[in-house]
Amino acid sequence: MTGQERSEEKSECVSLSPMREAVPAPPECERVCVCGTGDLGRSLGLRLLQAGYGVVFGSRRPHSSSSLIPHGAQVLGHAAAAQSAHLIFIAVQREHYDFLVPLANQLKGKVLVDLSNNLRKNQYPEANAEYLQSLVPGAEVVKGFNTLSAWSLQNGPSDANRQVYICGESVEAKQAVMAVATKLGFSALDRGFLSVARELEDFPLQLFPQWRLPLYIATGLSAAFFFYLLIRDIIYAYVTQGKDISFRIIVSLANKVCPIVSLIMLSLCYLPGVLASFLQLYRGTKYRRFPDWLDRWMLCRKQLGLLALGFAFLHVLYTLIIPIRYYGRFKATEHTVSVIRENRTTEFDTTTAWRGDSYLSLGILGFSLYVLLGITSLPSVSNVLSWREFSFIQSKLGHLTLLLCTAHTYLYGWNKFLSSSTYKWYTPLGYMLCLVLPSVVLLLKLLLITPCVDRTITRIRQGWERRADQRNPKNSQPLIP
Amino acid sequence: MTGQERSEEKSECVSLSPMREAVPAPPECERVCVCGTGDLGRSLGLRLLQAGYGVVFGSRRPHSSSSLIPHGAQVLGHAAAAQSAHLIFIAVQREHYDFLVPLANQLKGKVLVDLSNNLRKNQYPEANAEYLQSLVPGAEVVKGFNTLSAWSLQNGPSDANRQVYICGESVEAKQAVMAVATKLGFSALDRGFLSVARELEDFPLQLFPQWRLPLYIATGLSAAFFFYLLIRDIIYAYVTQGKDISFRIIVSLANKVCPIVSLIMLSLCYLPGVLASFLQLYRGTKYRRFPDWLDRWMLCRKQLGLLALGFAFLHVLYTLIIPIRYYGRFKATEHTVSVIRENRTTEFDTTTAWRGDSYLSLGILGFSLYVLLGITSLPSVSNVLSWREFSFIQSKLGHLTLLLCTAHTYLYGWNKFLSSSTYKWYTPLGYMLCLVLPSVVLLLKLLLITPCVDRTITRIRQGWERRADQRNPKNSQPLIP
Amino acid sequence: MTGQERSEEKSECVSLSPMREAVPAPPECERVCVCGTGDLGRSLGLRLLQAGYGVVFGSRRPHSSSSLIPHGAQVLGHAAAAQSAHLIFIAVQREHYDFLVPLANQLKGKVLVDLSNNLRKNQYPEANAEYLQSLVPGAEVVKGFNTLSAWSLQNGPSDANRQVYICGESVEAKQAVMAVATKLGFSALDRGFLSVARELEDFPLQLFPQWRLPLYIATGLSAAFFFYLLIRDIIYAYVTQGKDISFRIIVSLANKVCPIVSLIMLSLCYLPGVLASFLQLYRGTKYRRFPDWLDRWMLCRKQLGLLALGFAFLHVLYTLIIPIRYYGRFKATEHTVSVIRENRTTEFDTTTAWRGDSYLSLGILGFSLYVLLGITSLPSVSNVLSWREFSFIQSKLGHLTLLLCTAHTYLYGWNKFLSSSTYKWYTPLGYMLCLVLPSVVLLLKLLLITPCVDRTITRIRQGWERRADQRNPKNSQPLIP
């Protein structure tokens, strides 16, 4: 994928103005070469100029491209350009590396930085950088900067894309590249030898790796409950009373699936933490790694929580439009009409009012806390929180949210548990199923915060070890296992 | 505008505590001078002290101001202070530069950094820095740091305001200032000679330049549709039936204008991308600049999208309060009453239910995606996305959002297209007009993602050139035009 | 609290992968020692390796812990490790410092960096760093890095936690530590002598210090108005008519308290700014500190505003569910039924419609602006705003929001002011009380923006001084008091 396309994708933000700025390079400055005058090459060159480097562009057609390049740099043929500098950035796509073969000799001992990316993973047998090395065996190839877009090069590094990764065989070459990176305002991270180049080239191609598992779970749950409720509500009604209430699929059913999935996801988000604590309790130490599945689970808690919030958001919208729906309005009218026609008296039932209102209130409070949790998980917000504040919000408020939402669901159910009519085809209601997990999580958490258990956990987290203690009493050293 | 006011404006965030911290300066440190002991001067001085510089303040009344300055610095008269250092920051407003004239001789060869800003653009014939240079011809004037507020100087640089711009005639002077900037934790960017000082001085005065065009469009569209609907609905009713339904202006009309403008703005946000692709298809290359109007349009896509989101948000709120409105409640009652009085039977119409519910569902889903797009365009969020993730969200999800919202609007219209009664005074309904643009965008996008077209586009974006190909076949080199 | 727990808390975000990366340390690199192989120690070590340092871990059981430490480092016994480097990080909890006593001699003259934190404030008589110094009098103890979590060390510094604070007696030692900090990508800030160590150790333990006051105010107001309305509405009804409408506590009452508190908090957020301006007007200068209470108030304006937004959010949700409530539906039916039974004719009242709709519209617009203000106060958003943009939003739009919300409340009240029936037990309605403060703020603001006053304020903010002027006319120098 070329720099052009990148900057196009992001050009909501890219300011092209620096492109036209005259940046007088100091006379005695160090010279670097950039092969390739595409967007990525040009942006890199501009950035280098601004950092005070002398920049020579290598191009196949120096004359035609001289108009494109930033003011202050010069363009030569590839051979001449490569000649002129020790450090050479290759801003050309892999398909066109062959132009380097004839230059192999004069590139001997020089540092070639491979910036290239691919369109998809495993597009080629070996990594581009390794291929480059094979073409120019004499040169010191360093893979790096490929995670940067023309956009971030032009606008300068911002918080998240300040980190650049490099790898290569020669330590000296890597340090030379790292020095440039630092001068450009990036913090370079040495990831090892050229063999990890493939990994680096896959970075920009990854699509929400951390979100995959949570998304699968969400999809699975939604599908499962959708069909469960489809059978229980729509099909059941059709089979037993021959009524066609298929229209309810769109809103009513969706409004049952969303809250159910949301609540389950939320409890899935707090379950691993509870499990981890119990594991530590059982092992009596914190100095043993958690099993991998638990580690992986812990790492996607944030994503689980945010997806849960998404479903909660849908639930809220679906609920709020109820009175606008034709169905809702129809029901209301029908009810009133029946009251009149059958000449019934309308009696206000305080219990129902109490129940309904507190059920709604709990939902509102739960959702508000939910939103608060979502906001604090924004990078810029969680960054300004001390870890104690962060843990307070994510743990204390998080479990409170779970508690409120669970109570909200219980109140919704009220005493339906008892009436047999709810168990159509001997199946429980959807929200009954979704109550199991949160209730378990809350119970376990309740156990954990009982003084005695809590004390033990705290001691373990401070490094106290049960078994160790038995061996020798002085041994409770937290950070020195 | 003075530092005082700046820190006031932002003092939600400013912590004044460092002001009182004792910061022992190392003995052998470099000395710089700060003329002016206002907020900006004091904050800069404090920051310099913290970075390990020795700081001498220049003041008109050294004694009275000695109480104000940060611990660790010293205050002298201007002359003495200027004497004591090679690098001198001028934290004084332009109106008071005259105090430098008598010092002209002893300032010869020294570096003067002009930090000043103005209250409004073009307040003075020439830039402050140029004026300063004219007052002290012998000194090396460098413009810089003026984009920083006393606030950001005190709290240290954060992601966005880490970048500082400088300009000046002397490369040495600029490099000296850049060195200081780097040591203070800022990354300085050389913007050229003193002639661009005016531009730098205008930076802090700009008020949402990127938002201006989108805001004009939004205002224009809103006004146009407001009057269109005013005539079609309210005035028409008054003229033909003499009914005064002016009260509908406030909510009903607003709730028609908002969704219309929102949908149009959203399609305006995706139109330029589509046009750009077709332009590339037509030209058969990506190596020619887009016309300026297209470039400018592309650059404000984000703003267009966010404004569209704002209108959608209003639309949602206006819709959700319908059942609370007196008008809504009145209509409901009237309907029921008429049913009773005319002894009609209420018949449930499944089609209407289907249509209404799916119309609402589409709206809800569309809006949720809308919000998601908005969240991912927050700087801190878009920073942590790889460009592939960003493009996936902004392009794929973006067009999906447009599709959902358009379908939502079509369903709302349903078959009103056919009945002639809808064409009051031969004018179409508002939402019919607003459907034109999105439909076009979606159709064009559909064309673009058809395999054959898509393949060509992808090749072009990889650098393949049609005409070039005709000249010579080997010529398809993406980044080497 | 140990690094282990920290990284657990935040492990939503922590990527453990680097832990397994091989990072070949350059041969000739500087060596540092890290005592303690807990999470914090290991993460610090890894970061040091990545920055090109040679790292030697000190451990009680070198063999057992050699498996844990990052590839590229070596583990020795504490004595040997301490021997091998001049700079030694103590990543051990205070309880276990005693292991250093025997090493006191060989630590003479070396730099010991104390990273430790406590579980709660004032856990020990003196600061950990001071305790460490007392154990190893010969060494140069520097407190620092303790605000970092294992998490932020692994993921590299991000915007907010880039700042690290250090303190200590020896300037040389501090500069050595600062150099390391800079190389790790942090910006170190010298806070003075070892005596401030306690303060640094309290940083990570603080829990929303800026939020405390606003939260107290919010809680106080909520409680006060809750009981006021409880008596006025529920108890009054019970006493006078014996009706039990206690169910209204949950939603109706909450929906009265929320908007009231929200409006008051919002005006409390803009009151200090107005007061400050009047104070400057009265004093005729900006060069005198504001009284402390005003300073403190100014500093928590952001928190006041965000809490107000929270209450407004609850108010919106509580309002939107009204038609879903059993009570709401009951009322609607009852109304219609009565219309039929008493054979009344339903007459549409345009005035009521006008009033109701504009009341709702104002609320919607006010809330939308409210949300906009909230979004712009996100760190990542406010960072990209120039101070002029920031002040425009927070001041202009802020006061507009206040105006809209106040008008919204006035319209809600309409002419209830006049009817005596509203003054149950001679007490005014809740929303009347809550209107006092915003009205005052708006009036004062109105005064401030009258041309003549505005001109004076602007001149004062540019540094003009009234009294000074009387002394000598040339004296209006803003930044040189």
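Residue numbers (UniProt numbering), protein chains in the order written: chain A, 1 to 481; chain B, 1 to 481; chain C, 1 to 481. Note that the Cβ used here is the ideal one computed from N, Cα and C, for glycine as well.
Open item on the list: Going by the DSSP bridge assignment, what does Val142(C) pair with across the sheet?
Closed with: Indexing the third sequence from 1 puts residue 142(C) at position 142. Answer is Val113(C), Gly168(C).
Open item on the list: Just to check my reading of the structure: Phe208(A) and Val261(A) have Cβ atoms closer than 8 Å, yes? What is that Cβ distance to the nearest angstrom?
Closed with: Numbered from 1 along the first sequence, position 208 holds the residue referred to as residue 208(A). Numbered from 1 along the first sequence, position 261 holds the residue referred to as residue 261(A). Between Phe208(A) and Val261(A) a beta carbon distance of about 19 Å is seen, past the 8 Å cut, so the two are scored as non-contacting.
Open item on the list: Under 8 Å, CB to CB, which of the residues in the region 196 to 228 of chain B have a partner in chain C?
Closed with: Shown in chain order are the members of the region 196 to 228 of chain B whose Cβ falls below 8 Å from a Cβ of chain C: Phe203, Pro204, Leu205, Gln206, Leu207, Phe208.
Task: chain A contact residues for Lys149(C), given Cβ-Cβ distances below 8 Å - done: Position 149 of the third sequence holds residue 149(C). Here the sequence assigns Ser to residue 149(C), which means Lys is not the residue at that position. For the C-beta of Ser149(C), the chain A residues within less than 8 Å are, from N- to C-terminus, Trp387.
TODO: Using the DSSP secondary-structure output, state which residues sit across from Ala188(C) in a beta bridge.
DONE: Counting from one through the third sequence, the residue named residue 188(C) turns up at place 188. In the DSSP output, where bridge partners are listed per residue, Ala188(C) has Val164(C).
Task: Residues of its chain near Leu266(C), where Cβ-Cβ distance is below 6 Å and the 5 sequence neighbours each way are ignored - done: For the purposes of this step, residue 266(C) is taken as the residue at position 266 of the third sequence. Counting only Cβ-Cβ distances below 6 Å, and skipping sequence neighbours, we find Ala308, Leu402.
TODO: Could you spell out where the alpha helix (DSSP H) holding Phe57(B) opens and where it closes?
DONE: For this step, residue 57(B) is matched to residue 57 along the second sequence. Annotation: Phe57(B) is outside any alpha helix (DSSP H); the continuous beta strand (DSSP E) that includes it extends over 54 to 59.
Task: Residues from the region 283 to 312 of chain B in contact with chain C, defined by Cβ distance under 9 Å - done: For the region 283 to 312 of chain B, which is checked against every Cβ of chain C, the residues closer than 9 Å are Gly310.
Open item on the list: Measuring only the C-alpha atoms, how far is Arg388(B) from Phe186(B)?
Closed with: For the purposes of this step, residue 388(B) is taken as the residue at position 388 of the second sequence. For the purposes of this step, residue 186(B) is taken as the residue at position 186 of the second sequence. Near 30 Å, if we compare the C-alpha coordinates of Phe186(B) and Arg388(B).
Task: Length of the line joining the Cα atoms of Lys302(C) and Ser377(C) - done: By 1-based counting over the third sequence, the position of residue 302(C) is 302. By 1-based counting over the third sequence, the position of residue 377(C) is 377. C-alpha of Lys302(C) to C-alpha of Ser377(C): approximately 8 Å in a straight line.
- [ ] Quick one: residues in its chain with C-beta nearer than 7 Å to the C-beta of Leu68(B), no 5 flanking neighbours on either side, listed in chain order?
- [x] As a first step, residue 68(B) is located in the second sequence; it is residue number 68 there, counting from the start. For Leu68(B), where only same-chain residues beyond five positions count, the Cβ hits under 7 Å are Thr37, Arg42.
Task: Residues near Leu304(C) in its chain [Cβ-Cβ closer than 6 Å; skip 5 each side] - done: Taking the third sequence and counting its residues from 1, the one referred to as residue 304(C) is at position 304. Once the five neighbours on either side are set aside, the close Cβ partners of Leu304(C) are Pro214, Met265, Leu268, Cys269.
TODO: Could you list which residues in chain A have their beta carbon closer than 8 Å to that of Phe89(C), in chain order?
DONE: Stepping through the third sequence from its first residue, residue 89(C) is reached at position 89. By Cβ distance, chain A contributes nothing, its closest Cβ being about 11 Å from Phe89(C), past 8 Å.
Task: Between the CA atoms of Ala276(B) and Phe390(A) - distance to the nearest angstrom - done: To locate residue 390(A), count along the first sequence from 1; it is residue 390. To locate residue 276(B), count along the second sequence from 1; it is residue 276. The straight-line gap separating the alpha-carbon atoms of Phe390(A) and Ala276(B) is approximately 44 Å.
Task: Supposed contact pair Leu153(C) and Ser76(C) - C-beta distance, whole angstroms, cut 8 Å - done: Here the question's residue 76(C) lines up with position 76 in the third sequence. Here the question's residue 153(C) lines up with position 153 in the third sequence. It is Leu, not Ser, that sits at residue 76(C) in the sequence shown. Actually they are not in contact, since the Cβ atoms of Leu76(C) and Leu153(C) sit about 22 Å apart, beyond 8 Å.
TODO: Using three-state DSSP, classify Ile90(A) as helix, strand or coil.
DONE: Within the first sequence, the letter at position 90 stands for residue 90(A). Note: Ile90(A) maps to strand in three-state DSSP.
TODO: Report the rounded CA-to-CA distance for Leu479(B) versus Leu281(B), giving the unit in angstroms.
DONE: Here the question's residue 479(B) lines up with position 479 in the second sequence. Here the question's residue 281(B) lines up with position 281 in the second sequence. Unreliable placement is indicated for Leu479(B), whose pLDDT of 37 sits below 50; the coordinate value is still reported in the next sentence. When only Cα atoms are considered, Leu479(B) and Leu281(B) end up about 18 Å apart.
Task: Residue-level contact to chain C via CB, Gln133(A), 8 Å cutoff - done: As a first step, residue 133(A) is located in the first sequence; it is residue number 133 there, counting from the start. No, Gln133(A) lies away from the interface with chain C (no Cβ there is under 8 Å from its Cβ).
TODO: Pick helix, strand or coil for Arg31(A), following the three-state DSSP scheme.
DONE: Locating residue 31(A) in the first sequence gives position 31, where the first residue counts as 1. Looking at Arg31(A) - three-state DSSP - the assignment turns out to be strand.
Open item on the list: DSSP three-state label for Val251(C), please.
Closed with: Translated into the one-based positions of the third sequence, residue 251(C) becomes position 251. In the three-state reduction of the DSSP assignment, Val251(C) falls in the coil class, being assigned neither a helical nor a strand state.
- [ ] Quick one: give me the first and last residue of the alpha helix (DSSP H) that Gln206(B) is part of.
- [x] Counting from one through the second sequence, the residue named residue 206(B) turns up at place 206. Gln206(B) -> no alpha helix (DSSP H), and no H or E assigned at all.
Task: Cutoff 8 Å: Val14(B) Cβ touching any chain A Cβ - done: Here residue 14(B) corresponds to residue number 14 of the second sequence, with the count starting at 1. Reliability fails at Val14(B), whose pLDDT of 32 lies under 50, so the model's placement of it is uncertain and the value that follows must be treated cautiously. Taking 8 Å as the CB threshold, Val14(B) stays off the interface with chain A.
- [ ] For Ala22(C), decide whether its Cβ has a neighbour in chain B, counting only Cβ atoms nearer than 8 Å.
- [x] Here residue 22(C) corresponds to residue number 22 of the third sequence, with the count starting at 1. Residue confidence is low: Ala22(C) scores 39 on pLDDT, short of 50, so the model does not pin down where it sits. No coordinate-derived value is stated.
Task: Cross-chain neighbours of Gly413(C) in chain B, by beta carbon under 8 Å - done: Locating residue 413(C) in the third sequence gives position 413, where the first residue counts as 1. Those within 8 Å of Gly413(C) in chain B number zero; the least Cβ separation is about 16 Å.
- [ ] Name the residue from Val257(A), Gly328(A), Arg31(A) whose alpha carbon lies nearest to the alpha carbon of Gly310(A).
- [x] Within the first sequence, the letter at position 310 stands for residue 310(A). Checked all of Val257(A), Gly328(A), Arg31(A); the closest Cα to Gly310(A) is Val257(A).
TODO: Label Cys452(A) either buried or exposed according to how many other C-beta atoms from any shown protein chain fall within 10 Å of its C-beta, with 16 as the threshold for buried.
DONE: The residue given as residue 452(A) occupies position 452 in the first sequence. Per the 10 Å Cβ criterion, exposed.
Open item on the list: With distance defined between alpha-carbon atoms, name the residue in Gln50(B), Gly54(B), Ala79(B), Leu48(B) nearest to Pro62(B).
Closed with: Numbered from 1 along the second sequence, position 62 holds the residue referred to as residue 62(B). The shortest C-alpha separation from Pro62(B) is found at Ala79(B).
- [ ] Could you tell me whether the region 116 to 124 of chain C touches the region 170 to 190 of chain C, using the rule of 3 or more Cβ pairs below 8 Å?
- [x] In the pairwise beta carbon analysis, the region 116 to 124 of chain C is classified as not touching the region 170 to 190 of chain C: fewer than three pairs are separated by under 8 Å.
- [ ] Excluding the 5 residues preceding and the 5 following Ala254(A) in the sequence, name in chain order all residues of the same chain whose CB lies nearer than 7 Å to its CB.
- [x] Within the first sequence, numbered from 1, the residue matching residue 254(A) stands at position 254. Result list for Ala254(A): Tyr318, in chain order.
Task: Cβ-heavy atom distance, Asn105(B) to the ligand SAM, below 7 Å - done: The ligand SAM is absent from the structure shown, which contains no ligand whatsoever.
Task: CB contact check: residue 482(B) to chain C, cutoff 8 Å - done: The structure shown does not extend to residue 482(B), since chain B spans only 1 to 481, so no value can be given for it.
TODO: Report the neighbours of Leu251(A) on chain B: residues whose CB is nearer than 8 Å to its CB, in chain order.
DONE: Stepping through the first sequence from its first residue, residue 251(A) is reached at position 251. Note that residue 251(A) is Val in the sequence shown, not Leu. Result: Asp357, Leu360, Ser361.
TODO: Could you check what DSSP says for residue 521(B) in three-state terms: helix, strand or coil?
DONE: Only positions 1 to 481 of chain B appear in the structure, and residue 521(B) is not among them; the question remains open.
Open item on the list: Once DSSP output is grouped into helix, strand and coil, what is the label at Trp464(A)?
Closed with: Your numbering for residue 464(A) matches position 464 in the first sequence. Residue state, collapsed to three classes: coil.
TODO: Within 10 angstroms of the Cβ of Ile88(C), are there 16 or more other Cβ atoms? Answer buried if so, exposed if not.
DONE: Position 88 of the third sequence, counted from the start, is the residue given in the question as residue 88(C). Label assigned to Ile88(C): buried.
TODO: Give a yes or no on whether the C-beta atoms belonging to Lys183(C) and Ala139(C) are separated by under 8 Å.
DONE: Stepping through the third sequence from its first residue, residue 183(C) is reached at position 183. Stepping through the third sequence from its first residue, residue 139(C) is reached at position 139. The answer is no: Cβ separation not under 8 Å.
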